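Residue numbers (the working numbering): 12 to 227.
We put the beta carbon where it would ideally sit given N, CA and C, even for glycine.
Just so you know, these numbers come straight off a predicted model, no measurement behind them.
Let me begin by presenting the structure, written as structure tokens, before commenting on it.
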Amino acid sequence: MILIESKRKKPATILKKYPDAILADVTSGAPTRLRELSPFYPHGGIPVPFSEGYTATCVEAIWQGLKVFEGCDVDTSLFQNDTMKGLKRTVRRFGKPLGHRKGVNGKELLSYIEARKQIYIPTYKWILENKVYDIIERLREASKTNTIVLLDYDTNADVENAKKPLSHASLIKAYAERIYPYGESIASKEKKSSMAKKKKKAMKEDNNLQLELFND
12 MILIESKRKK PATILKKYPD AILADVTSGA PTRLRELSPF YPHGGIPVPF SEGYTATCVE
72 AIWQGLKVFE GCDVDTSLFQ NDTMKGLKRT VRRFGKPLGH RKGVNGKELL SYIEARKQIY
132 IPTYKWILEN KVYDIIERLR EASKTNTIVL LDYDTNADVE NAKKPLSHAS LIKAYAERIY
192 PYGESIASKE KKSSMAKKKK KAMKEDNNLQ LELFND
């Protein structure tokens with residue numbers, strides 16, 4: 012079973028609710044390889060949607076770079092930011108947001124929700140399938156016999172809810188459970204993972220299991 016909780020909660024509070032759970036931090040500050048699931052992690056070589064010839068370091072760079080404001084259009088320089096910092100483009104600095112441009116040179120501006128569906132979700136799905144598939148396989152296997160609690164700063168799993176940021180942990184959960192938003196993931200075809208060739212590590216009963224599962 013995979014669940015989602017706020018990273019802002021104390022671990023003790025979460026474990027009181029789910030005593031046997033494994034807490035899996037999937038933010039950029041995670042101490043294990045799970046940090047690679049963060050939209051801020053600089054994998055590099057990520058195709059920018061609707062933008063032939065353009066790639067970016069991370070999902071967040073694409074999401075922020077394609078934003079259009081009253082005082083500023085797209086910012087392709089963000090595509091090369093590999094620091095996990097300085098990626099946010101704010102209303103205070105650039106003015107009222109007008110939408111996301113559908114591609115670097117596109118004419119169409121997408122609404123916030125449409126941008127989620129056409130830019131953010133497909134881009135995040137791309138890294139799950141091309142950069143961190145082995146981690147997803149580990150999560151999927153571990154969740155068969157354990158309660159895995161994904162820790163994220165945002166917990167909104169409703170793609171249609173524009174009032175709250177979309178939780179990337181919710182996309183991890185949906186993908187691992189083979190119910191990715193708006194269509195099946197290619198994982199449903201039982202894609203072979205390199206992890207299947209490795210010996211399974213012995214599972215501990217305490218919460219240090221996260222370090223065993225995702226630290227290499």
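Query - Test item: CB-CB of L162 and L34 under 8 Å - result: As a first step, residue 162 is located in the sequence shown; it is residue number 151 there, counting from the start. As a first step, residue 34 is located in the sequence shown; it is residue number 23 there, counting from the start. The answer is yes: Cβ separation under 8 Å.
Query raised in the report: From T66 to F90, what does the alpha carbon distance come to, in whole angstroms?
Result: As a position in the sequence shown, residue 66 is number 55, starting the count at 1. As a position in the sequence shown, residue 90 is number 79, starting the count at 1. Cα to Cα, the separation comes out at about 7 Å.
Query raised in the report: Does the count of Cβ pairs from the segment 54-74 and the segment 92-104 closer than 8 Å reach three?
Result: yes
Query raised in the report: For V37, which three-state DSSP category applies?
Result: Position 26 of the sequence shown, counted from the start, is the residue given in the question as residue 37. V37 falls in the coil class under three-state DSSP.
**Report entry** Continuous beta strand (DSSP E) stretch holding V236: start and end
**Finding:** Because the chain spans 12 through 227 in this model, residue 236 falls outside it and cannot be assessed.
Query raised in the report: Less than 8 Å separating the beta-carbons of Y191 and K142?
Result: Here residue 191 corresponds to residue number 180 of the sequence shown, with the count starting at 1. Here residue 142 corresponds to residue number 131 of the sequence shown, with the count starting at 1. Cβ atoms of Y191 and K142: not closer than 8 Å.
Query raised in the report: Just how far apart, CA to CA, sit R103 and D84?
Result: On the sequence shown, position 92 is the one that residue 103 refers to. On the sequence shown, position 73 is the one that residue 84 refers to. Their backbone Cα atoms lie some 15 Å apart in a straight line.
Query raised in the report: Skipping 5 residues on each side, what residues in its chain have a beta carbon closer than 8 Å to that of L121?
Result: In the sequence shown, residue 121 corresponds to position 110, counting from 1. Here the set comprises G110, H111, R112, K113, Q129, I130.
Requested in this report: Using the Cα positions of P22 and A168, report the straight-line distance between them to the nearest angstrom.
Outcome: To locate residue 22, count along the sequence shown from 1; it is residue 11. To locate residue 168, count along the sequence shown from 1; it is residue 157. C-alpha separation (whole angstroms): 21 Å.
Report task. Look up T66 in the DSSP assignment and give the residues it is bridged to. Result -> As a position in the sequence shown, residue 66 is number 55, starting the count at 1. Paired residues: P58.
Query raised in the report: Whose C-alpha, out of A41, Y164, K184, is nearest the C-alpha of S154?
Result: Looking up residue 154 in the sequence shown gives position 143. When each option's Cα is compared against that of S154, the closest is K184.
Query raised in the report: What is the DSSP secondary structure of D165, counted as helix, strand or coil?
Result: The sequence position of residue 165 within the sequence shown is 154, counting from 1. Three-state DSSP puts D165 in coil, outside helix and strand.
Query raised in the report: What residues match up with S154 in a beta bridge as DSSP calls it?
Result: Taking the sequence shown and counting its residues from 1, one reaches residue 154 at position 143. The partner list for S154 (beta bridge, DSSP) is empty, contrary to what the question assumes.
Query raised in the report: What first and last residue would you give for the beta strand (DSSP E) that runs through V79?
Result: On the sequence shown, residue 79 is found 68 positions in, with the first residue counted as 1. First-last of the beta strand (DSSP E) with V79: 78-80.
Report task. Find out if the Cβ-Cβ distance for the pair A41, T158 is shorter than 8 Å. Result -> Translated into the one-based positions of the sequence shown, residue 41 becomes position 30. Translated into the one-based positions of the sequence shown, residue 158 becomes position 147. Cβ atoms of A41 and T158: not closer than 8 Å.
Query raised in the report: Contact check, T134 vs P53 under 8 Å by CB: the rounded distance?
Result: Position 123 of the sequence shown, counting from 1, holds the residue named residue 134. Position 42 of the sequence shown, counting from 1, holds the residue named residue 53. Rounded, the Cβ-Cβ distance is 14 Å, inconsistent with contact.
Report task. Classify E140 as helix, strand or coil using the three-state DSSP reduction. Result -> The residue given as residue 140 occupies position 129 in the sequence shown. If DSSP states are grouped into helix, strand and coil, E140 belongs with the helices.
Query raised in the report: What number of angstroms, rounded off, separates the C-alpha of I197 from the C-alpha of R151?
Result: Taking the sequence shown and counting its residues from 1, one reaches residue 197 at position 186. Taking the sequence shown and counting its residues from 1, one reaches residue 151 at position 140. For I197, the predicted structure reports a pLDDT of 49, less than 50, and the residue's modelled location is therefore unreliable. A value from the coordinates is still provided. In a straight line, the C-alpha of I197 is about 14 Å away from that of R151.
Requested in this report: Would you mind reading off the limits of the alpha helix (DSSP H) that contains E125?
Outcome: Locating residue 125 in the sequence shown gives position 114, counting from the first residue. Residues 123-126.
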